[in-house]
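Input: a single structure, listed below in structure tokens.
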Amino acid sequence: MARVSRKAAIMETEENCLAVIPERVYHAAAYVRLSVEDNRRIDDKESIAMQRYMLEKYIEGQPDMRLQGVYCDNGETGTNFERPGFEHMMDQVRERTVDCIVVKDLSRFGRNYVETGYYLEKIFPYLGVRFVAVNDSYDTLKDGSGNEMVLSLKNLVNDLYARDISQKVRSSLNTKRKNGEYIGSVSPYGYRKSLEDKHKLVIDPDAASVVRSVFRWRADGMGVVQIARKLNEEGIPSPAFYNYQKGYTCREPSEAGRFWKAPGIHRMLGNLVYAGHMAQGKTRKSLSEGIPKMDVPCDEYIIVKNTHPPIIDQETFDRVQELMEESRRRSLAIRGKHETTENIFKGLLVCSDCGRKMVRHKNVSTKGSARYVFVCSVYEQNRGKRGCTKKYVKEEDIQEAVLQSLRLQIEMVLDMERLLRLLQKQGGIFQRRKELEDKISSVQQQMKRNTALRSTLYESLCDGTLTKAEYLSWKEEYDRKAQEFEKELAGLQKEEQDNRNSFLSCEEWLFSLKRYRGEETITRKMALEWIWCIRVFGYNELEIVWNFRDEFVCMAEITGHAEGSGKGAY
548 MARVSRKAAI
558 METEENCLAV
568 IPERVYHAAA
578 YVRLSVEDNR
588 RIDDKESIAM
598 QRYMLEKYIE
608 GQPDMRLQGV
618 YCDNGETGTN
628 FERPGFEHMM
638 DQVRERTVDC
648 IVVKDLSRFG
658 RNYVETGYYL
668 EKIFPYLGVR
678 FVAVNDSYDT
688 LKDGSGNEMV
698 LSLKNLVNDL
708 YARDISQKVR
718 SSLNTKRKNG
728 EYIGSVSPYG
738 YRKSLEDKHK
748 LVIDPDAASV
758 VRSVFRWRAD
768 GMGVVQIARK
778 LNEEGIPSPA
788 FYNYQKGYTC
798 REPSEAGRFW
808 KAPGIHRMLG
818 NLVYAGHMAQ
828 GKTRKSLSEG
838 IPKMDVPCDE
848 YIIVKNTHPP
858 IIDQETFDRV
868 QELMEESRRR
878 SLAIRGKHET
888 TENIFKGLLV
898 CSDCGRKMVR
908 HKNVSTKGSA
918 RYVFVCSVYE
928 QNRGKRGCTK
938 KYVKEEDIQE
948 AVLQSLRLQI
958 EMVLDMERLL
968 RLLQKQGGIF
978 QRRKELEDKI
988 SSVQQQMKRN
998 TALRSTLYES
1008 LCDGTLTKAE
1018 YLSWKEEYDR
1028 KAQEFEKELA
1038 GLQKEEQDNR
1048 NSFLSCEEWL
1058 FSLKRYRGEE
1068 TITRKMALEW
1078 IWCIRVFGYN
1088 ELEIVWNFRD
1098 EFVCMAEITG
1108 HAEGSGKGAY
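Residue numbers for the sequence shown follow the working numbering, beginning at 548 and rising by one.
Rendered as structure tokens:
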């Protein structure tokens, strides 16, 4: 009987110790998401505030969890994982500061069956992340094989639900479009939404007068660039800035966004809404049909006539369309004589002042020769009054500058490669790698010893060698050391991997760069592969920022070069 009683006492002591002291404490991230913007809806059980409160209380009640942070995506869809809050949380997971993710239910995490399943079945297990869906009673630490099938079914149902909602919303919006109801979030410049019916447009007198002036100037023969300049000279705010001033939108436009530009004028002049007709469905996107956002041809627009008061009479509107078409034909007749060449530097040239992408123009002289130039669009349409300064560069000069700079970079790198090969032969390049391997081995040995000592504590507690206070004190010390060892080991392993990757990256980079050693011209492929951007400072003043600047620095560190920034200027 005494033996049985002692066994029962030991078991009771064991249960109490386990209840008080979890084997591992997880650093938990509470993730909350709402598809539509949360407007502080107090009674909404799905609101951001309610989700956050629920998850914080849940984590607080778990002895093996400690709240590391709350990550929020307000107004973000669950059909993909391109969400700022989610991406920030995953950065913390990769940095090992988060090893547990807690959500209200699986639908808050994601509604895409394939991507959600990939995270739960591949990414999280690989990263050692515990995942908890509170309302679904799912915990990867505790659940066995039975719940995996239930979770997969819920995941599939969430995906099907999202697709079903997408189809219903798309059908509903199409119905509204065909009925001539306005469904845009912001009304077109010159109109505002009716207070009685948000799907109806009413004239905004202040903006409408500007619209009438734009159409009148164009009908009188003024070009769109001239119109943009005139509006900017008169200090009339752009549509984006006007909407912000009036409180129609909350986002303040950038400095460049406060000025009128020719493309915006062109779109305004061709918009049927100013003649009193509704033209919608200009883009298409459908989750249910797997269609990404794409432009729709003009003949497929959903057009409903006479849906709201016109700002421009039909005769003036038609006259402007004729002038624009005539201008387009005339431009094609002049520029069409010369085949348009590929824009090798498209999207790569930026204005050093306003940061806007430089615009490429095709200039045809009276003699019939054609050449291409890049200009700052903000300056071009504002003539330096406000917003930016003059930037102008010929395409042929850019090509020459890039080609010469690339050749210099190649020759410099080839010199460094020769030194790299010499260091390889001498063995000095592997010295740091050997030091890292020795340190990693030493830390691993210390971790094993610390784990072995920690494992004896519980036995000492149960046989009375240690008191509970002593047990807790020693356990806390061994746990602290374990965390320090893990952190030190992770840092060393990362440095070792970076060392290996940097060397391999340099090898690949060298091989790729040498392929272009004998090139006589720059191609679009070369430009995209090697150029990060080209900053334009003035007339033919350029700074070329290369894509391989990190590899250049890495090579310089390996070979001991102090100079070289990975940038080239012309």
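Cβ coordinates follow ideal geometry from the N, Cα and C atoms, glycine included.
Look at Leu950 and Ile1078 and say whether their C-beta atoms are less than 8 Å apart.
Using a Cβ distance threshold of 8 Å, Leu950 and Ile1078 do not count as a contacting pair.
Report the CB separation of Ile957 from Ala1074 in whole angstroms; it is logged as a contact under 8 Å.
Not confirmed; about 15 Å, so no contact.
Check whether the Cβ atoms of Cys647 and Tyr573 lie closer than 8 Å to each other.
Yes, the Cβ-Cβ distance between Cys647 and Tyr573 is below 8 Å.
Let's test the definition: count the other Cβ atoms within 10 Å of the Cβ of Lys808 and tell me whether it reaches 16, buried, or not, exposed.
By the neighbour-count rule (16 or more Cβ atoms within 10 Å), Lys808 is buried.
Nearest candidate by alpha-carbon position, reference Tyr919, set Thr888, Asp900, Lys904 and Val897:
Answer by Cα proximity: Thr888.
For the segment 731–803, which segments carrying the beta strand (DSSP E) assignment without a break, of at least 3 residues, lie completely within its bounds, in sequence order?
You should have 738–740 and 748–750.
Whole angstroms is fine: what's the gap from Asp611's alpha carbon to Gly657's?
Spanning the two alpha carbons is a distance of roughly 25 Å.
Around the C-beta of Glu942, are 16 or more other C-beta atoms found within 10 angstroms, so that it is buried, or is it exposed?
Under this definition Glu942 is a buried residue.
Need the endpoints of the alpha helix (DSSP H) that Tyr600 sits in, please.
Ile595 to Glu607 is the extent of the alpha helix (DSSP H) around Tyr600.
Tell me whether the beta-carbon of Val650 lies closer than 8 Å to the beta-carbon of Tyr578.
Less than 8 Å separates the beta-carbon of Val650 from that of Tyr578.
Identify, in the order they occur along the chain, each residue of the same chain with its Cβ nearer than 8 Å to the Cβ of Leu1039, setting aside the five sequence neighbours on each side.
Excluding the 5 residues flanking it on each side, Leu1039 has same chain C-beta neighbours closer than 8 Å at Leu983, Lys986, Ile987 and Val990, in chain order.
Between the segment 734–744 and the segment 785–799, are three or more C-beta pairs nearer than 8 Å?
Contact holds: three or more Cβ-Cβ distances are below 8 Å.
Measure the CB-CB distance between Ile850 and Phe762 and report whether it falls below 8 Å.
No.
With a cut-off of 8 Å, do at least 3 Cβ pairs link the segment 860–868 to the segment 896–909?
At 8 Å Cβ cutoff, the stretches do not touch.
Taking DSSP's pairing of strands, which residues face Asp842 in a bridge?
Per DSSP, Thr830.
Roughly how many whole angstroms lie between the Cα atoms of Val1083 and Arg805?
Rounded to whole angstroms, the separation of the alpha carbons of Arg805 and Val1083 is 22 Å.
Per-residue burial, Cys898 [other beta carbons within 10 Å of its own, 16 or more giving buried]
It counts as buried.
As assigned by DSSP and simplified to three states, the class of Tyr729:
Note: Tyr729 maps to coil in three-state DSSP.
Go through its chain and collect everything with a Cβ distance to Gly828's Cβ below 8 Å, but skip five positions before and after it.
Answer for Gly828: Asn721, Arg724, Val843, Glu847, Tyr848 and Ile849, listed in chain order.
By a C-beta neighbour count over all protein chains shown, 10 Å radius and 16 as the cutoff for buried, is Gly811 buried or exposed?
Answer is buried; the Cβ neighbour count reaches 16.
Pick from Gly675, Leu955, Ile1081 and Leu653: whose alpha carbon is nearest that of Asp683?
For Asp683, the nearest C-alpha among the options comes from Leu653.
Nearest-angstrom Cα distance between Leu1019 and Phe633?
Approximately 37 Å, taken between the alpha carbons.
Enumerate in chain order the residues of its own chain whose CB-to-CB distance from Arg677 is below 6 Å, with the five nearest sequence positions on each side excluded.
Here the set comprises Tyr573, Cys647, Thr687 and Leu688.
Neighbourhood of Thr624 by C-beta distance below 6 Å, restricted to the same chain and skipping five residues each side:
Cβ within range, chain order: Ser582.
Alpha carbon of Ala490 to alpha carbon of Val771, nearest angstrom
Here the chain comprises residues numbered 548 to 1117, so residue 490 is not present and cannot be evaluated.
With DSSP collapsed to three states, give me the class of Trp1077.
Helix, per DSSP.
According to DSSP, which residues form a beta bridge with Lys904?
In the DSSP assignment, Lys904 forms a beta bridge with Val897.
Leu819 versus Arg907 - alpha carbon distance:
Rounded to whole angstroms, Leu819 to Arg907 spans 29 Å at the Cα level.
How is Tyr578 classed by DSSP in three states: helix, strand or coil?
Assignment of Tyr578 by DSSP, reduced to helix, strand and coil, places it in the strand class.
If you follow the alpha helix (DSSP H) that Gly811 is in, where does it begin and where does it stop?
Looking at the DSSP string, the run of the alpha helix (DSSP H) that includes Gly811 is Ala809 to Leu816.
Would the segment 599–608 count as touching the segment 626–646 if we require 3 or more Cβ pairs under 8 Å?
Contact fails: fewer than three Cβ-Cβ distances are below 8 Å.
Name the two residues that bound the continuous alpha helix (DSSP H) containing Phe921.
Note, Phe921: premise wrong, no alpha helix (DSSP H); beta strand (DSSP E) at Ala917 to Val922.
Proximal residues to Gly794 (C-beta, below 8 Å), its chain only, five neighbours per side dropped:
Non-local C-beta neighbours of Gly794 in its own chain, meaning closer than 8 Å and more than five positions away in sequence, are absent.
N- and C-terminal bounds of the alpha helix (DSSP H) containing Gly632
Taken as a continuous stretch (DSSP letters only), the alpha helix (DSSP H) holding Gly632 covers Pro631 to Arg641.
Check for me: the alpha helix (DSSP H) holding Phe656 runs from which residue to which?
Segment Leu653 to Phe656, the alpha helix (DSSP H) holding Phe656.
Beta-carbon within less than 8 Å of Leu870's beta-carbon, same chain only, minus the 5 sequence neighbours each way: which residues are those?
Taken in chain order, the residues that qualify are Arg765, Ala766 and Gly768.
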